[in-house]
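Just so you know, the protein sequences line up as chains A and B, in that order. Numbering-wise (the working numbering), the first sequence opens with residue 304 and increments by one. Numbering-wise (the working numbering), the second sequence opens with residue 2 and increments by one. Ideal Cβ placement from N, Cα and C applies to all residues, glycine included.
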Amino acid sequence: MMNCEDFEREWQELDDPSLFSPAMEEHQTTCAPCAARIRDVNRIRWEARQLIATEEPPSRLWLNLRRELDKEGLIREPGAQSWLTGVLTFGWVPRLPMGLAYASVFLLALVGMEYVRDRVTPAPSQASLPSTTMVQTEEQPAAPAAEVAKAEAPRRDAAVAEARVQAAGNVPPAIRRGIEKAPPEQRAILVRNWQQINSSVGELQRFVAEHPDDLQVLWQLDEAQEQEKLLREWVMRWELEGF
Amino acid sequence: MAWKPDRRRFERRLTMLGIILCGVATAAWSETIQQAFATISNPTFVLHSHNGTVSVKGWDQNRVEIKGERAAPDAMDVLIEGTDEKVSVKTHPKRQNLSRQEARVDLEIRVPRQALVSVDSEQGTVAVEDLERGVTVEGVTSSITLSRIRGDIAVHTLDGPIVIRSSEGHIEAASVGGDLTFVLVNASKFTATTNSGTIRYQGEFGLGGTYQLHSYASSIEVQASPRASFDVDARSIQGTIENQLPLPSPPPASSVRPGRTGKSLQGRISTGKSTVQITSYSGTIRLSGAR
């Protein structure tokens, strides 16, 4: 029987998040929190798609723009006059302010579109990231491509992370307050790690309850609780002093 | 003839323009930091970095030298204090909601090799090299790389990767979600712990030490060098063990030992000078090399 953590991991590795394996299907029908999380993320993806679909300006905008530029005499058919002649006669100087104004509008629109796209485009799945090899010589660089991609992914996944912060019912209020005060690009990381370590502690506690004589797992539980404490301390720093 | 703008080319040009403008703006607003302190041969150096690239290198001079660049002087404080026994540097935001670029302070620091170094970093990269007394590094998402360090080494991150290479001493590395990589690392006592990052060890498990590698759900990959000599005890409670080590008898990798749930494997490489304990709750343990 699949547990929540396995489900989460397999889900993150899917190229197409809607293509669940039979085990995942079975899990989501029996696990209300995971089902709720799927609904939330699907809703965000749907909204993201709506935004992406409208980012390309309609063709009539280009036609209108062409008409306006024609009217102002800012564009000509190629071959009508050489560019050198145009430059040397300084005929472009009176039209420069208007041209700059158009350029500013374009620039702002482009920056706006890129910003919206960055905010809503989900991160690629872990499965699509380049794999790393274990063998590493002393002179090789420290950060493999996968690590760089791993560091970039949370930023692109910010919208999903925000939803996770809101949807993470198991995050205690004090931790949630700290996470909300953390820099935006750190929030997804904090939530992900909090959920993972919490899940690990829960799983290890269950195992220890069933196998109280297994000292290795008891030791692992101690380590996991220590890491949970460490994470709590980091979050408290943001809560208290903004790091 | 229909007029159709080449949008990609247009975007590329605008991007280039943006990069040039950013470069000009950075050069115009950034500020260079330079300070030096004469010290004893084994001073304490403490650094708290909010965001940026940090490099700390040991050298053969009784002097701490700090060079750096602050991207936005109006956004970040850089507090430097020093005596002959202790030098401290702290970068701190002057206000909230700074962009990454504004919050960036890059630092290049040289300290005596015998200095005791402590670095605390939130974001960015930290590289520490050529120290002989030890180092402590704490990071949140910072990427930490330690090279050629001797002594007590303690590194903890929340999510940032940790790489330690060509180092020896008493080593402790832990991360909740970051990958841990060790290349040519020897220790009298070695502990590597992570919840969800991968652990990779490549080396000879030297110094006759005790090595403990623990993960919760992620894989642990060990590649022993041909000179390695150690006893290994590996166990994955709910995961698997993939062994390619030349252990003398067929390893019981898939057997379930009485009293221990999961997969386990024991064996000796060469004369078994060091002791290696590897545990993962649900991750895969991969062992190879030593041929």
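According to the DSSP assignment, residue 318 of chain A belongs to no beta strand (DSSP E), since it is labelled neither H nor E. Under the 8 angstroms criterion on CB atoms, residue 134 of chain B is classed as non-interfacial with respect to chain A. The secondary-structure analysis by DSSP pairs residue 146 of chain B across a beta bridge with B:128, B:164. At a beta-carbon threshold of 7 angstroms, the residues of chain B lying near residue 537 of chain A are 141, 159, ordered along the chain. Restricting attention to beta strand (DSSP E) runs no shorter than 3 residues, the segment 189 to 255 of chain B encloses them at 200 to 204, 211 to 216, 221 to 225, 231 to 237, 242 to 244, ordered along the chain. Apart from sequence neighbours up to five positions away, the residues of its chain that approach residue 144 of chain B with a beta-carbon distance below 6 angstroms are 126, 161, 162, ordered along the chain.
DSSP places residue 344 of chain A in the helix class (H, G or I) of the three-state scheme. If you draw a straight line from the Cα of residue 170 of chain B to the Cα of residue 10 of chain B, it is about 55 angstroms long. The C-beta of residue 212 of chain B comes no closer than 8 angstroms to any C-beta of chain A. If the five residues before and after residue 334 of chain A are omitted, its C-beta is found closer than 8 angstroms to the C-beta atoms of 307, 310, all from its own chain and listed in chain order. Between residue 495 of chain A and residue 178 of chain B, the C-beta spacing is below 8 angstroms. Contact between the segment 220 to 240 of chain B and the segment 278 to 287 of chain B is present, with at least three C-beta pairs closer than 8 angstroms. Among the CB atoms of chain B, one or more fall inside 8 angstroms of the CB of residue 517 of chain A.
Under the Cβ distance rule, residue 92 of chain B does not count among the residues neighbouring chain A, no pair being separated by less than 8 angstroms.
Looking at the DSSP output, residue 76 of chain B shares a beta bridge with no other residue. Close CB contacts of residue 477 of chain A within its chain, under the 6 angstroms cut and outside five residues either way in sequence, are absent. The C-alpha of residue 168 of chain B is placed about 27 angstroms away from the C-alpha of residue 85 of chain B.
Taking a C-beta cut-off of 8 angstroms against chain A, the contacting residues of the segment 193 to 226 of chain B are 194, 196, 197, 201, 203, 215, 217, 218, 222, 224, listed in chain order. Around residue 178 of chain B, the beta-carbon contacts reaching into chain A at under 8 angstroms are 492, 495, 496, 499. Taking C-beta atoms under 8 angstroms as the contact rule, residue 155 of chain B and residue 530 of chain A fail to qualify, at a distance of about 15 angstroms. When the beta-carbon positions are compared, residue 35 of chain B and residue 87 of chain B stay at least 8 angstroms from each other. For residue 12 of chain B, the neighbours in chain A by C-beta distance under 7 angstroms run, in chain order, 413. For residue 95 of chain B, there is no enclosing beta strand (DSSP E), as DSSP gives it neither H nor E.
Among the residues of chain B, none has a CB under 8 angstroms from the CB of residue 521 of chain A; the nearest is roughly 11 angstroms distant. Within 7 angstroms of the CB of residue 508 of chain A, no CB atom of chain B is found; the nearest one sits about 12 angstroms away. Taking 8 angstroms as the threshold, the shortest C-beta distance from residue 530 of chain A to chain B falls below it.
At least 8 angstroms separates the CB of residue 72 of chain B from every CB of chain A. No Cβ-Cβ contact shorter than 8 angstroms links residue 107 of chain B with residue 194 of chain B. No Cβ of chain A is located within less than 8 angstroms of the beta carbon of residue 246 of chain B. For residue 330 of chain A, no Cβ of chain B is located within less than 8 angstroms of the residue's own Cβ. Annotation for residue 197 of chain B: 178, 218, 219 place their beta carbon closer than 6 angstroms to its own, counting only its chain and skipping 5 residues before and after. Under DSSP, no beta-bridge partner is assigned to residue 485 of chain A.
Residue 17 of chain B counts as exposed, since fewer than 16 other C-beta atoms from the protein chains shown sit within 10 angstroms of its C-beta. The continuous stretches of alpha helix (DSSP H) do not include residue 51 of chain B, which lies in the beta strand (DSSP E) extending over residues 45 to 60. Here the alpha carbons of residue 133 of chain B and residue 151 of chain B stand approximately 5 angstroms from one another. Rounded to whole angstroms, the gap between the alpha carbons of residue 403 of chain A and residue 73 of chain B is 28 angstroms.
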